[in-house]
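Asker: Protein sequence lines correspond, in order, to chains A and B. At position 3 of the first sequence (counting the first as 1) the number is 3 in this note's numbering, and the numbers step up by one without a gap. Position in the second sequence counted from 1, then plus 76, gives you this note's numbering. Beta carbons: idealized from backbone N, C-alpha and C, even for Gly.
Protein chains: 2
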Amino acid sequence: MKIKTSITLSEDLLTAIDERSQQFKNRSGFIEEAVRSFLAQIHKQEVDAKDLAILNKHAERLNQEAEDVLGYQLIP
Amino acid sequence: MKIKTSITLSEDLLTAIDERSQQFKNRSGFIEEAVRSFLAQIHKQEVDAKDLAILNKHAERLNQEAEDVLGYQLIP
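1) Mind checking whether Asp117 of chain B and Ser37 of chain A have CB atoms under 8 Å apart?
2) Taking Ser86 of chain B and Glu32 of chain A to be in contact with their CB atoms under 8 Å, please state how far apart those CB atoms are, rounded to whole angstroms.
3) Taking only beta-carbon atoms, is Gln117 of chain B less than 8 Å away from chain A?
4) So what does DSSP say about Ile79 of chain B, is it helix, strand or coil?
5) Roughly how many angstroms separate the alpha carbons of Ser82 of chain B and Asn102 of chain B, rounded to a whole number?
6) So, Leu13 of chain A versus Val111 of chain B, is the Cβ gap smaller than 8 Å?
7) In chain B, which residues lie with their C-beta within 8 Å of the C-beta of Lys25 of chain A?
8) Distance, Cα to Cα, Leu70 of chain A vs Glu141 of chain B?
Following this line, the structure appears as structure tokens:
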């Protein structure tokens, strides 16, 4: 379902939106697409941050394991 | 200058915006940020497409040049 809402945007932004909104039907279509893209980007950043936190939490053990593995390497 | 405008957005999108809009002051702040990010992304894609067109236009000559350079390589 579509819901009507009022927002206030900077003038330069509205101009830029209107210049490109034909590709997206209209102003609302452009903003819909922009918000979906931005939400996806935020989601990706959150997932990346969680992954990094997990890696950092186990960094010491993972580094020890890597050192250990490297210890088995030989030049053939 | 800020301008007030009415838009219609999907209900699920408005819910998602409202869940995150505190970080961006309010609904308008969130949408402003999303649109700026989306415009930057579109701009980058256009620049990349132009670069690619230039590369493709000169592909044959660039490939010949690369072949020529590789001809001078020796294993030391």
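Answerer: From the atom records:
1) What sits at residue 117 of chain B in the sequence shown is Gln, not Asp. For Gln117 of chain B and Ser37 of chain A, yes; Cβs fall inside 8 Å.
2) 6 Å
3) yes
4) strand
5) 15 Å
6) yes
7) What Lys25 of chain A touches in chain B: nothing, since even the nearest Cβ is about 11 Å away.
8) 41 Å
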